[in-house]
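*Asks:* I have a structure I would like to understand better, so I am pasting it below and will then ask my questions one at a time.
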């Protein structure tokens, strides 16, 4: 009898695993979902194949990491579309810039556990790297020469290092449309579903010249059928919402079915953020700007917030104090700013909060428990130099081989200053402040700039469109 043939031993992990494909993409607006859909269409892949990482949103732009865990399809390896080779996806809104893909770097931190034997001494546990902050480079142009020479600019920068800045939520959190996000969020917060649906469909009332202008006018007239026909292709969520309302579904059911969970969170969190901003301003202006008994601080042992006691106020700084973030259908925690938080919520909508079961997300995960009132930047450096017409810090788009003139449509040889047009004598290019600093992920550079130039958040919305992105 023949001996049975032994099967070849297959060693686990001997086959070469597919390498993940990672990239960073930048998109106009604060809705990266539409940018991901554009990238998926360009690569001829479903959107569900992508995994997204940390998101950074600023007025008019969003930045996010994206990856394909199983790598690019074999048909695309070494044969990416020409638009991705250039780094720009143009032609439709929003414009998307994509960083070069590649293999993720091994950024794990090696941690040695306490050995129990000789064998265990060789064991290593890898902890995945987690982004704890962002590094910013900011250029502030057209400084006043007298303020620079008197040392006022240097003093302001030193104050930011020593005293920090009010850690307010930036204006992009509240939207740019005619109907603010917190107005829609207040209707959702209190269960006014019909009003919320109408506000969502007509939020961009001043969207003149946009593809959705006629559709919004039809929704404002109550003509849902016409509005559905006029909506652009990318507004699938709004089309679904209007269609379900047209078919006679209840507003709550239509909202739960048509509106993504991320959009629910965007509207509801804007109410909490607005109340938080008002409460922090009241705390810092009405009460002494120092730790007081009753302020909230973080207790690292219990992982919860607690009240500051009388005998320990001198041990804490203003940067240690927290203000709670209110959540729908939950009581506002007791603190020195509770009355101001409740007052803002009552002003937005005096009605009772909706039941938590009505929301398609857990309200406990909507926002953190509390947020620092005062933020202090780290690794701060700055210098004052002569301003140039072009970029003064390396731009991420330059790494993609894209010149600024290609985006703006301007000719590099064309001078940009008004004085070079021949109308008047040549003037100096001006003075600029170049600064670099690091902030945690939950804190924004807009708040730092507001403190630096003593300006309100609305001043940074001057040249942005008065409309929000569709969903």
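Residue numbers (my numbering): 119 to 589.
All residues carry an ideal CB built from backbone N, CA and C; glycine is no exception.
No experiment lies behind these values; they were computed from the predicted model shown.
Below 8 Å, how does it come out for the region 545-559 and the region 488-497: are there three or more Cβ pairs, yes or no?
*Replies:* With a cut-off of 8 Å, the region 488-497 and the region 545-559 count as touching, because enough Cβ pairs lie within range.
*Asks:* Does the region 469-478 touch the region 307-316, meaning 3 or more C-beta pairs lie closer than 8 Å?
*Replies:* Verdict: yes, contact present.
*Asks:* Reducing DSSP to helix, strand and coil, say where residue 441 ends up.
*Replies:* Counted from its first residue, the chain shown places residue 441 at position 323. If DSSP states are grouped into helix, strand and coil, residue 441 belongs with the strands.
*Asks:* Does the region 388-401 come within contact of the region 460-467, defined as at least 3 CB pairs closer than 8 Å?
*Replies:* yes
*Asks:* Considering just the uninterrupted stretch of the alpha helix (DSSP H) at residue 494, what are its terminal residues?
*Replies:* Here residue 494 refers to the residue found at position 376 when the chain shown is read from its first residue. Note, residue 494: premise wrong, no alpha helix (DSSP H); not H, not E.
*Asks:* Using a Cβ-Cβ cut-off of 8 Å (strictly less than) and excluding sequence neighbours within five positions of residue 360, which residues of its own chain qualify?
*Replies:* Here the question's residue 360 lines up with position 242 in the chain shown. The answer, listed in chain order, is 319, 337, 342, 345, 346 and 349.
*Asks:* Thinking C-alpha only, which one of 486, 187, 138 and 333 is nearest residue 387?
*Replies:* For the purposes of this step, residue 387 is taken as the residue at position 269 of the chain shown. Minimum Cα distance to residue 387 is reached at 486.
*Asks:* Output the distance between the C-alpha atoms of residue 261 and residue 549, rounded to the nearest integer angstrom.
*Replies:* By one-based count along the chain shown, residue 261 stands at place 143. By one-based count along the chain shown, residue 549 stands at place 431. Looking at the two C-alpha atoms, the distance is approximately 5 Å.
*Asks:* So which of 491, 465 and 418 has the shortest CA-CA distance to residue 402?
*Replies:* The sequence position of residue 402 within the chain shown is 284, counting from 1. Ranking 491, 465 and 418 by Cα distance to residue 402 puts 491 first.
*Asks:* Could you compute how far the alpha carbon of residue 185 sits from the alpha carbon of residue 378?
*Replies:* Reading the chain shown from its first residue, position 67 is the one you call residue 185. Reading the chain shown from its first residue, position 260 is the one you call residue 378. Their Cα atoms are separated by approximately 22 Å.
*Asks:* What did DSSP end up calling residue 68 once you bin it into helix, strand or coil?
*Replies:* Summary: the structure shown does not reach residue 68, with the chain confined to residues 119 through 589, and so no result is reported for it.
*Asks:* Pull up the distance between the alpha-carbon of residue 436 and that of residue 259, whole angstroms please.
*Replies:* Walking along the chain shown from the start, residue 436 turns up at place 318. Walking along the chain shown from the start, residue 259 turns up at place 141. Using only the alpha carbons, I get a separation of about 31 Å.
*Asks:* When you compare the CB positions of residue 286 and residue 565, do they come within less than 7 Å of one another, or not?
*Replies:* Walking along the chain shown from the start, residue 286 turns up at place 168. Walking along the chain shown from the start, residue 565 turns up at place 447. For residue 286 and residue 565, yes; Cβs fall inside 7 Å.
*Asks:* For residue 467, list the residues DSSP reports as bridge partners.
*Replies:* For the purposes of this step, residue 467 is identified with residue 349 of the chain shown, where counting begins at 1. None; residue 467 has no bridge partner.
*Asks:* Quick one: is residue 340 buried, meaning 16 or more other Cβ sit within 10 Å of its Cβ, or exposed?
*Replies:* For the purposes of this step, residue 340 is taken as the residue at position 222 of the chain shown. Taking every protein chain shown into account, the CB of residue 340 has fewer than 16 other CB atoms within 10 angstroms, so this residue is exposed.
*Asks:* Thinking just about the alpha-carbon of each residue, which of 159, 293, 304 and 288 is nearest to the one in residue 469?
*Replies:* Here residue 469 is taken as the residue at index 351 of the chain shown, counted from 1. For the residues 159, 293, 304 and 288, the minimum Cα distance to residue 469 belongs to 304.
*Asks:* Can you tell me which of 255, 281, 369 and 392 puts its alpha carbon nearest to the alpha carbon of residue 290?
*Replies:* As a first step, residue 290 is located in the chain shown; it is residue number 172 there, counting from the start. Among 255, 281, 369 and 392, the Cα nearest to that of residue 290 is on 392.
*Asks:* How would you call residue 380, buried or exposed, if buried means at least 16 neighbouring beta carbons within 10 angstroms?
*Replies:* The residue given as residue 380 occupies position 262 in the chain shown. When all chains shown are included, residue 380 counts as exposed.
*Asks:* Do residue 562 and residue 488 have their beta-carbon atoms positioned less than 7 Å apart in this structure?
*Replies:* By 1-based counting over the chain shown, the position of residue 488 is 370. By 1-based counting over the chain shown, the position of residue 562 is 444. Not in contact: residue 488 and residue 562 (Cβ atoms no closer than 7 Å).
*Asks:* Can you grab the Cα-Cα spacing for the pair residue 139 / residue 189, in whole Å?
*Replies:* Mapped onto the chain shown, residue 139 falls at position 21. Mapped onto the chain shown, residue 189 falls at position 71. In a straight line, the C-alpha of residue 139 is about 5 Å away from that of residue 189.
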